[in-house]
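*Asks:* Before I ask anything, here is the structure I am working with.
There are 2 protein chains.
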Amino acid sequence: MNIVIFGAGAIGSLFGALLSKNNNVSLIGRKPHVNAIKKSGLKIRGITKLDVAIHATCSVNKVNSSPDFLILTVKSYDTDNAIKQAGNIIGENTTVLSLQNGLDNVDSIKKYLEPEKIIAGVTTYGALFSEPGEIRHTGMGTTVIGELNGKKTERIDNIVRLFNQAGIKTTASPDITKDIWGKAVVNSCINPLTTFFQCKNGYLLDNPILGQLVEKICQESTYIANAQGLDFSYEDVIKNTKNVIRNTSENYSSMFQSYRMGKKIEIDSINGKLVEVGTKKGVDVSLNEMLVYLIKGRK
Amino acid sequence: MNIVIFGAGAIGSLFGALLSKNNNVSLIGRKPHVNAIKKSGLKIRGITKLDVAIHATCSVNKVNSSPDFLILTVKSYDTDNAIKQAGNIIGENTTVLSLQNGLDNVDSIKKYLEPEKIIAGVTTYGALFSEPGEIRHTGMGTTVIGELNGKKTERIDNIVRLFNQAGIKTTASPDITKDIWGKAVVNSCINPLTTFFQCKNGYLLDNPILGQLVEKICQESTYIANAQGLDFSYEDVIKNTKNVIRNTSENYSSMFQSYRMGKKIEIDSINGKLVEVGTKKGVDVSLNEMLVYLIKGRK
Chain L
2 MNIVIFGAGA IGSLFGALLS KNNNVSLIGR KPHVNAIKKS GLKIRGITKL DVAIHATCSV
62 NKVNSSPDFL ILTVKSYDTD NAIKQAGNII GENTTVLSLQ NGLDNVDSIK KYLEPEKIIA
122 GVTTYGALFS EPGEIRHTGM GTTVIGELNG KKTERIDNIV RLFNQAGIKT TASPDITKDI
182 WGKAVVNSCI NPLTTFFQCK NGYLLDNPIL GQLVEKICQE STYIANAQGL DFSYEDVIKN
242 TKNVIRNTSE NYSSMFQSYR MGKKIEIDSI NGKLVEVGTK KGVDVSLNEM LVYLIKGRK
Chain A
2 MNIVIFGAGA IGSLFGALLS KNNNVSLIGR KPHVNAIKKS GLKIRGITKL DVAIHATCSV
62 NKVNSSPDFL ILTVKSYDTD NAIKQAGNII GENTTVLSLQ NGLDNVDSIK KYLEPEKIIA
122 GVTTYGALFS EPGEIRHTGM GTTVIGELNG KKTERIDNIV RLFNQAGIKT TASPDITKDI
182 WGKAVVNSCI NPLTTFFQCK NGYLLDNPIL GQLVEKICQE STYIANAQGL DFSYEDVIKN
242 TKNVIRNTSE NYSSMFQSYR MGKKIEIDSI NGKLVEVGTK KGVDVSLNEM LVYLIKGRK
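Protein sequences appear in the order of chains L and A.
The letter at position 206 of the first sequence is residue 207 when you use this note's numbering, and the numbering goes up by one with no holes.
The letter at position 92 of the second sequence is residue 93 when you use this note's numbering, and the numbering goes up by one with no holes.
Laid out in structure tokens, this is it:
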């Protein structure tokens, strides 16, 4: 298959490297990373050890047009821009897979493409950008991919097979919107708190006071998701969030990674979107709102 | 007058130095500060320039017993301990003046003394502990002192006169409980936020996002105070808080000062007490609770 991965961050590069074994993959990323890959290939370290020569470029015009799959792995605040640029290469048979964090990516993509061209995915793989040309695979996880309307289709089967062949444990999801919200609710808690305390995920449960705060935030975010019509129980969300924290205790959240690298932080499409939805639905958004303020208020 | 000041922090030392011009003052403080004062006197710098030889000691047993006024300026988490120790020297005619931050000091003192012996005060003077033996007077302010029952009494007139003679601008308050709450509501916002962002007070208004958060916290704290029967309007509290921030823009809040010095933080008796009261009264305490968690969760 011809695959273009737009967003050569940690997850984009890791999946790109794995998929490149059996597919024709192009990575679109930023200059230092692209230059390092051109010079010495893409190195994956940590759980996966892999050195691949992979096509990498900064410009969407330098990749073959009409790929079978365009996988979006940019940060949510770059989705609009990425999909506008990618317009030139999205062909009649190209499917766009949003494999991103945040609640607003599919809506952003829909502004430019018919919904039929879009599928979405959620992954709990952990990866870290070590340095240009090198990614650290820090956590095994699962990936789910599905049609926006929940239907079982051939293209979902195809990409699920492709991912599994590449060693990325993946299943088809009958309700990808719920999966996206499920991850966002977990992230609404872990991401801002780890950014604040500049800590590994595990610290949130090492400290009993923070453990209580984790529960409070999960509760508010769950109620917002419920108000939006998503059927989560607060108990399950708490259990799931604590499991994620335990399973990724030595990892740094994507938000804290961005913060450390001095990059823009993906808070608007997680906590910010929860505030927007909750406000519209008339449910309490105090904690999420305060997290947005506190993260954005940082010097 | 014979005055003992228990708690030779920034405010205790500043007021001690000023009052020592016309009164017999003893300061009770910690060893490094007391030793420096014994060796080279107490230095006030900044707005006030003053060098005084003043009696300083670490032990309550080394001061004359039965002073006219025992002024408590310890942090609120030390009130219990201080008043227990001071038991030995509090005489029949001694009045105890709590000149502290926080909402639980008077209740703590009442556990050991009859309410008639207690008066309370609130000051907006700004001071900073520069180094042992030296205090920086950073902000002019006003001080109010009153009986717990709101009555006009001779001892209030006396201490108000004493303070004014010492150059501490002071008036008698007809409702000191409201004044204490008024300051706590302002502090509930300024103290934890400046501690978080490790910033001068002024930063809270330099940053428009934090300005919005200031308003939200003021609102919640005002509603808690209202539920407790204290008649504040949200608009006045906002205006007052913003004025305090502007007037003390170059200052560091007492909470951030404690944090910087690696000392215990006075959050329980400000935001913690607001959470306790609000929970009892059934009003929303989300933001104050989160501030308590976030401050206590710090590494």
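Here a beta-carbon is modelled for each residue, glycine too, at the ideal position from N, C-alpha and C.
Going along the chain, which residues of its own chain have a beta-carbon closer than 6 Å to the beta-carbon of T49 of chain A, five neighbours each way excluded?
*Replies:* In the second sequence, the residue the question calls residue 49 of chain A occupies position 48. Excluding sequence neighbours, T49 of chain A sits near H138.
*Asks:* List the endpoints of the continuous alpha helix (DSSP H) containing K153 of chain L.
*Replies:* Here residue 153 of chain L corresponds to residue number 152 of the first sequence, with the count starting at 1. It is not in any alpha helix (DSSP H) - K153 of chain L carries neither H nor E in the DSSP assignment.
*Asks:* So I268 of chain A packs on I296 of chain A, CB below 8 Å; how close in whole Å?
*Replies:* Taking the first residue of the second sequence as 1, we reach residue 268 of chain A at position 267. Taking the first residue of the second sequence as 1, we reach residue 296 of chain A at position 295. Contact flag correct, Cβ pair sits at about 5 Å.
*Asks:* With burial defined as no fewer than 16 other Cβ atoms inside 10 Å of the residue's Cβ, what is the status of E135 of chain A: buried or exposed?
*Replies:* Start at 1 with the first residue of the second sequence, and residue 135 of chain A comes out as number 134. By the neighbour-count rule (16 or more Cβ atoms within 10 Å), E135 of chain A is buried.
*Asks:* Given this structure, state the Cα-to-Cα distance separating K40 of chain L from G8 of chain L, to the nearest angstrom.
*Replies:* The residue you call residue 40 of chain L lines up with position 39 of the first sequence. The residue you call residue 8 of chain L lines up with position 7 of the first sequence. Those two C-alpha atoms are separated by around 19 Å.
*Asks:* Could you give the first and the last residue of the continuous beta strand (DSSP E) run that contains N25 of chain L?
*Replies:* Translated into the one-based positions of the first sequence, residue 25 of chain L becomes position 24. N25 of chain L -> beta strand (DSSP E) spans N25 to I29.
*Asks:* Can you tell me whether DSSP reads S131 of chain A as helix, strand or coil?
*Replies:* Position 130 of the second sequence, counting from 1, holds the residue named residue 131 of chain A. S131 of chain A: strand per DSSP, three-state reduction.
*Asks:* Determine the direct distance from the alpha carbon of T124 of chain A to that of L20 of chain A, and round the result to whole angstroms.
*Replies:* On the second sequence, residue 20 of chain A is found 19 positions in, with the first residue counted as 1. On the second sequence, residue 124 of chain A is found 123 positions in, with the first residue counted as 1. If I take the Cα positions, the gap works out to 15 Å.
*Asks:* Sort out for me which residues DSSP pairs L71 of chain A with in a bridge.
*Replies:* Within the second sequence, numbered from 1, the residue matching residue 71 of chain A stands at position 70. Its beta-bridge partners are A:V5 and A:V97.
*Asks:* Identify whether A54 of chain L lies in helix, strand or coil by the three-state DSSP scheme.
*Replies:* In the first sequence, counting from the first residue as 1, residue 54 of chain L sits at position 53. Note: A54 of chain L maps to coil in three-state DSSP.
*Asks:* What are the boundary residues of the beta strand (DSSP E) that includes V123 of chain L?
*Replies:* Mapped onto the first sequence, residue 123 of chain L falls at position 122. Residues I119 to T124.
*Asks:* F16 of chain A and I160 of chain A - do their beta-carbons sit closer together than 8 Å?
*Replies:* The residue you call residue 160 of chain A lines up with position 159 of the second sequence. The residue you call residue 16 of chain A lines up with position 15 of the second sequence. No, the pair does not count as a contact, with Cβ atoms beyond the cut-off.
*Asks:* Beta carbon of S174 of chain A, beta carbon of I210 of chain A: below 8 Å?
*Replies:* Here residue 174 of chain A is taken as the residue at index 173 of the second sequence, counted from 1. Here residue 210 of chain A is taken as the residue at index 209 of the second sequence, counted from 1. Taking 8 Å as the Cβ cut-off, S174 of chain A and I210 of chain A do not qualify as a contacting pair.
*Asks:* Identify whether L43 of chain A lies in helix, strand or coil by the three-state DSSP scheme.
*Replies:* Translated into the one-based positions of the second sequence, residue 43 of chain A becomes position 42. Strand at L43 of chain A.
*Asks:* Over the uninterrupted beta strand (DSSP E) stretch that includes T49 of chain A, give me the two end residues.
*Replies:* Against the second sequence, residue 49 of chain A aligns to sequence position 48. Counting along the chain, T49 of chain A falls outside any beta strand (DSSP E), and DSSP gives it neither H nor E.
*Asks:* In terms of residue numbering, what span does the beta strand (DSSP E) encompassing T172 of chain A cover?
*Replies:* Mapped onto the second sequence, residue 172 of chain A falls at position 171. Here the beta strand (DSSP E) through T172 of chain A covers T171 to A173.
*Asks:* Pick helix, strand or coil for G13 of chain A, following the three-state DSSP scheme.
*Replies:* Position 12 of the second sequence, counting from 1, holds the residue named residue 13 of chain A. It is helical.
*Asks:* Answer yes or no: does any C-beta atom of chain A fall closer than 8 Å to that of L19 of chain L?
*Replies:* One-based indexing of the first sequence puts residue 19 of chain L at position 18. Judged by the 8 Å Cβ criterion, L19 of chain L is not in contact with chain A.
*Asks:* Taking a contact to mean a Cβ-Cβ separation below 8 Å, would you say I239 of chain L touches L206 of chain L in this structure?
*Replies:* What you label residue 239 of chain L is simply residue 238 of the first sequence in a count that begins at 1. What you label residue 206 of chain L is simply residue 205 of the first sequence in a count that begins at 1. No. Outside cutoff.
*Asks:* Going by DSSP, what residues sit across from V145 of chain A in a beta bridge?
*Replies:* The count along the second sequence starts at 1 and reaches residue 145 of chain A at position 144. BP columns for V145 of chain A point to A:V123 and A:T172.
*Asks:* Report the option in A:S77, A:A11 and A:I29 whose CA atom is closest to the CA atom of I266 of chain A.
*Replies:* Along the second sequence, read from residue 1 onward, the residue named residue 266 of chain A stands at position 265. Answer by Cα proximity: A:S77.
*Asks:* Can you give the beta carbon distance from C307 of chain A to V97 of chain A, rounded, assuming they're within the 8 Å contact cut?
*Replies:* Only positions 2 to 300 of chain A appear in the structure, and residue 307 of chain A is not among them; the question remains open.
*Asks:* By a C-beta neighbour count over all protein chains shown, 10 Å radius and 16 as the cutoff for buried, is A54 of chain A buried or exposed?
*Replies:* For the purposes of this step, residue 54 of chain A is taken as the residue at position 53 of the second sequence. Per the 10 Å Cβ criterion, exposed.
*Asks:* Which value, in whole angstroms, describes the spacing of the CA atoms of L292 of chain A and L231 of chain L?
*Replies:* For the purposes of this step, residue 292 of chain A is taken as the residue at position 291 of the second sequence. For the purposes of this step, residue 231 of chain L is taken as the residue at position 230 of the first sequence. Answer to the nearest angstrom: the Cα atoms are 29 Å apart.
*Asks:* Can the beta-carbon of G203 of chain A be found less than 8 Å from the beta-carbon of S250 of chain A?
*Replies:* Sequence index remark: in the second sequence, residue 203 of chain A carries index 202 (1-based). Sequence index remark: in the second sequence, residue 250 of chain A carries index 249 (1-based). Yes, these two residues count as a Cβ contact at 8 Å.
*Asks:* Does the beta carbon of N208 of chain L sit closer than 8 Å to a beta carbon anywhere in chain A?
*Replies:* Counted from its first residue, the first sequence places residue 208 of chain L at position 207. Cβ-Cβ to chain A under 8 Å: yes for N208 of chain L.
*Asks:* Just to make sure I have the definition right: I need the residues of chain L whose C-beta is within less than 8 Å of the C-beta of Y294 of chain A. Which are they?
*Replies:* Against the second sequence, residue 294 of chain A aligns to sequence position 293. The contacting residues are I210, L211, Q213, L214 and K217.
*Asks:* Going along the region 268-291 of chain L in order, which residues come within less than 9 Å of chain A, judged by CB to CB distance?
*Replies:* The region 268-291 of chain L vs chain A, Cβ under 9 Å: D285, S287, L288, E290 and M291.
*Asks:* Around the Cβ of T143 of chain A, are there at least 16 other Cβ atoms within 10 angstroms (buried) or fewer (exposed)?
*Replies:* By one-based count along the second sequence, residue 143 of chain A stands at place 142. Exposed, since its Cβ has fewer than 16 Cβ neighbours within 10 Å.
*Asks:* Between the C-alpha atoms of K32 of chain A and V61 of chain A, what's the straight-line distance to the nearest angstrom?
*Replies:* In the second sequence, counting from the first residue as 1, residue 32 of chain A sits at position 31. In the second sequence, counting from the first residue as 1, residue 61 of chain A sits at position 60. So the alpha carbons of these two residues sit roughly 13 Å apart.
*Asks:* So if I threshold CB-CB distances at 9 Å, which residues from the region 192-203 of chain A count as touching chain L?
*Replies:* Within the region 192-203 of chain A, the residues whose Cβ lies closer than 9 Å to some Cβ of chain L are L194, F197, F198, Q199 and C200, listed in chain order.
*Asks:* Use the C-beta contact count for S189 of chain A: other C-beta atoms within 10 angstroms, 16 or more gives buried, fewer gives exposed.
*Replies:* If you number the second sequence from 1, residue 189 of chain A lands on position 188. S189 of chain A should be labelled buried.
*Asks:* Between G134 of chain L and chain A, is there a C-beta pair that is closer than 8 Å?
*Replies:* The residue labelled residue 134 of chain L in the question sits at position 133 within the first sequence. Cβ-Cβ to chain A under 8 Å: no for G134 of chain L.
*Asks:* For a quick check, are the C-beta atoms of K201 of chain L and N244 of chain L less than 8 Å apart?
*Replies:* Within the first sequence, numbered from 1, the residue matching residue 201 of chain L stands at position 200. Within the first sequence, numbered from 1, the residue matching residue 244 of chain L stands at position 243. In this structure, N244 of chain L does not lie closer than 8 Å to K201 of chain L by Cβ.
*Asks:* Give the secondary structure of I90 of chain A by DSSP, where H, G and I count as helix, E and B as strand, and everything else as coil.
*Replies:* Counted from its first residue, the second sequence places residue 90 of chain A at position 89. Three-state DSSP puts I90 of chain A in coil, outside helix and strand.
*Asks:* Can you have a look at S14 of chain L and say buried or exposed, based on whether 16 or more other CB atoms are within 10 angstroms of its CB?
*Replies:* The sequence position of residue 14 of chain L within the first sequence is 13, counting from 1. When all chains shown are included, S14 of chain L counts as buried.
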